[in-house]
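A short write-up of the structure that comes next.
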Ligand SMILES: O=C(O)CCC(=O)C(=O)O
Ligand SMILES: [Fe+2]
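In the working numbering, the protein residues as written are 191 to 693.
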C-alpha cells in the first residue's frame, strides 16, 4: 500500500483519536506527593544543560513545535497488522522475518501485569525517588532524574519544550551484588532488579536509620511483561548476560519526545510494545539512501520532532516530474501505534519515532536464528569477540560443523574477488570489483541529486516560513496601530460627549 501523503488530520478526527485512549490525567504529581520545588528548579536546569549542552537553556522552546499538530489520520497508517493468537511462529518467520518486513502485532500484552501496573499513578507510588536515565552527557555518562521530578517536568515546562526529555532506561538486572546491597540503604532502587524482591517489612528490620530506607516495595518491571512468542529465541542470550550489549529498555515520555532517525546497532532486530499512549513511526527499508532520510540540513538537529516537522513533509511531497514522492519511491512504512500494539522492526530498517501523547513502552533488541548472518556481518569488525562467540554457540547449537557454516560463503566471496592486478590506488581490477564500484558510483550520483533536491526544498520552506512569520508580525503591528487609532477615536468621542454635557 503506498504511504498516504496526509500530514495532519482534521480537528474532528484528531479529537476522536486523541480522546480514545489518552490516559486520563486525573491527578497532578503534587496531589500525591510533596515536592521540593526549589530543588526541582535547580535540578531541571543542570539536567537540561548536561543532557543537551548544545542548546541554550532558554532555547528549549524556541522553535514553537508545541503549537503544531503531529497526529496523523488512521488512514495514513500503512503497516500490516496481525493478531498474535492467529499467527504461528513458523508463519511469522516465513511472512515477516525472512523477507524482513515490519509488522504490528496485536494481543501480545494480554495477561501482562504491566497492563494494570504501568500507569502514572502506580509507577509514581513505586518509583518516586528512583532516578531513571533521561539521556547522556558529553562524556557519555548517564544523566538521571528522580521519577517524581520527571513527571512534574512533564506537567509543566515540557508542555512547551520542542523536544522534551525522554526516559530511556536499560538498567534491567544489571546491578552487582555489592551495588544492590549499597542501594538498599539509599533512596535509589533499580526497578529492573529482578534477582530479589525485597519487601518493605525486611527493609524495616535492617539496621539502617528509618529515613534512609527505600520508602517503597522493591518492584520488578521484568516480571510485568513477557517477550512475545516470535522473539523469544534470542541468540545473544548464548553470549551471556555480561558480554551482550544493552538490549532492553523501559521507555516513558511526553508529547513530542522521541527517537531521531537511526537503525538499530549490530544488525539486531527489535520489538517495541506500547502500554499507554500513541507513537508515530516512519520506517524505511535498509537499502534506502541515508542522505535522503537523514539529510544534513542547516540548523536542523537530530530530534524526532524536527524530522517530522522538516524532513517528513518533503518526503511525502509528490515530485511533479516523477509523479511520486520519495516516501513512495523508497516504500516508507508509516505507523500510528496504539496501546497494546507491538511494532516489529527488522534488522537494518531505518526508523524514527515520536510520542504523540504520554506514552509508556518496553522495547528489546535481539538476534533471531533467521538474522544471525546479518548480525554476524555487522558485529565481526566492531565486536569481533562477541561475533565469534555468537557464531560458535550458534553452530554448536544447530549441530552444523564449522565447515558448512555460512561464514564460508564470505571467505569464498573474498577469494573470488581477489585479483593479481592492482592499480596504483591499490584498487582491485577484477571484473566483480569493477562492476561493484560502477554500481556504487551510479547510486551515489542518484543520491546526490536527490539530496540537492531536498536541500532546495528545505531552504524554500524555510524562506516561506520566515515570510509567513514576518507577515504575521506585520499584521499584529497593523492591528495594534488600528486598535490605537480606534482607542483614540473612542476617547475623542467620550471627551466630546463630556464637553457637550458640561455645556
Ligand atoms: O520508542 C521509541 O522511542 C523508539 C525506540 C527505538 O527505536 C530504539 O530503542 O531503538
Ligand atoms: Fe530503534
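Ideal Cβ positions, reconstructed from N, Cα and C, are used throughout, including at glycine.
C-alpha gap between residue i and residue j, whole angstroms
| i | j | result |
| --- | --- | --- |
| residue 355 | residue 344 | 9 Å |
| residue 320 | residue 337 | 6 Å |
| residue 491 | residue 684 | 55 Å |
| residue 248 | residue 444 | 20 Å |
| residue 399 | residue 555 | Confidence is the limiting factor: at residue 399 the pLDDT is only 39, short of 50, which leaves the residue's position unreliable and the question unanswerable from this model. |
| residue 456 | residue 532 | 21 Å |
| residue 351 | residue 238 | 11 Å |
| residue 480 | residue 227 | 44 Å |
| residue 647 | residue 432 | 47 Å |
| residue 277 | residue 322 | 36 Å |
| residue 626 | residue 635 | 14 Å |
| residue 489 | residue 667 | 28 Å |
| residue 630 | residue 660 | 45 Å |
| residue 306 | residue 334 | 26 Å |
| residue 148 | residue 332 | Past the boundaries of the shown model lies residue 148; the chain is included only from 191 to 693, so the question cannot be answered. |
| residue 679 | residue 689 | 15 Å |
| residue 300 | residue 347 | 35 Å |
| residue 552 | residue 513 | 39 Å |
| residue 501 | residue 633 | 21 Å |
| residue 272 | residue 597 | 34 Å |
| residue 642 | residue 670 | 42 Å |
| residue 283 | residue 303 | 28 Å |
| residue 529 | residue 235 | 32 Å |
| residue 469 | residue 674 | 47 Å |
| residue 288 | residue 548 | 34 Å |
| residue 261 | residue 510 | 26 Å |
| residue 250 | residue 438 | 29 Å |
Chain-order list of residues whose beta-carbon lies under 7 Å from that of residue i (same chain, five-residue window excluded)
| i | result |
| --- | --- |
| residue 499 | 255 and 258 |
| residue 497 | 450, 451 and 542 |
| residue 495 | 255, 352, 353, 446, 448 and 544 |
| residue 267 | 524, 525 and 526 |
| residue 624 | none |
| residue 521 | 475 |
| residue 639 | none |
| residue 230 | 339 and 342 |
| residue 423 | 558 and 559 |
Min CB distance residue i to chain B below 8 Å
| i | result |
| --- | --- |
| residue 478 | You won't find chain B in this structure, because it holds only one protein chain. |
Whole-Å CB distance - residue i paired with residue j, under 8 Å assumed
| i | j | result |
| --- | --- | --- |
| residue 561 | residue 459 | 6 Å |
| residue 483 | residue 540 | 6 Å |
| residue 417 | residue 550 | At roughly 17 Å, the Cβ-Cβ gap does not stay under 8 Å, so residue 417 and residue 550 are not in contact. |
| residue 298 | residue 280 | Contact doesn't hold; Cβ gap of about 18 Å is too wide. |
| residue 645 | residue 546 | Actually they do not touch by this definition, with Cβ atoms about 29 Å apart. |
| residue 217 | residue 311 | 7 Å |
| residue 462 | residue 508 | Not quite, the Cβ-Cβ distance comes to about 30 Å (not below 8 Å), so this is no contact. |
| residue 225 | residue 357 | The pair is not a contact, with the Cβ atoms about 18 Å apart (cut-off 8 Å). |
| residue 241 | residue 324 | 6 Å |
N-terminal and C-terminal residue of the beta strand (DSSP E) that residue i is part of
| i | result |
| --- | --- |
| residue 523 | 523-527 |
| residue 312 | Run containing residue 312: none in the beta strand (DSSP E); it sits in the alpha helix (DSSP H), 310-317. |
| residue 460 | 459-466 |
| residue 273 | 271-273 |
| residue 332 | 332-336 |
| residue 533 | 531-535 |
| residue 551 | 549-556 |
| residue 358 | 356-359 |
| residue 283 | Premise fails: residue 283 is in no beta strand (DSSP E) and is neither H nor E. |
| residue 439 | 438-443 |
| residue 295 | 293-296 |
| residue 349 | Premise fails: residue 349 is in no beta strand (DSSP E) and is neither H nor E. |
Own chain partners of residue i with C-beta closer than 8 Å, once the 5 adjacent residues on each side are dropped
| i | result |
| --- | --- |
| residue 580 | 425, 426, 428, 429, 557, 562, 565, 566 and 569 |
| residue 314 | 219, 222, 223, 337, 338 and 341 |
| residue 588 | 559 |
| residue 294 | 269, 270, 271, 272, 525, 527, 531, 532, 533 and 534 |
Residue interval of the alpha helix (DSSP H) (run including residue i)
| i | result |
| --- | --- |
| residue 323 | From DSSP, residue 323 is part of no alpha helix (DSSP H) but of the beta strand (DSSP E) over 321-326. |
| residue 472 | Element bounds for residue 472: not the alpha helix (DSSP H) but the beta strand (DSSP E), 469-474. |
| residue 574 | 574-587 |
| residue 243 | Looking at the DSSP string, residue 243 is not in any alpha helix (DSSP H), and its letter there is neither H nor E. |
| residue 540 | From DSSP, residue 540 is part of no alpha helix (DSSP H) but of the beta strand (DSSP E) over 540-545. |
| residue 694 | Only positions 191 to 693 of the chain appear in the structure, and residue 694 is not among them; the question remains open. |
| residue 302 | Where residue 302 is concerned, there is no enclosing alpha helix (DSSP H), given that its DSSP letter is neither H nor E. |
| residue 569 | 562-569 |
| residue 482 | 480-483 |
| residue 504 | 502-506 |
Beta-carbon contacts of residue i that lie in its chain and below 6 Å, excluding the five residues immediately before and after
| i | result |
| --- | --- |
| residue 583 | 428 |
| residue 473 | 292, 523, 539 and 541 |
| residue 328 | 243 |
| residue 436 | 360 |
| residue 637 | 479 and 481 |
| residue 421 | 461 and 556 |
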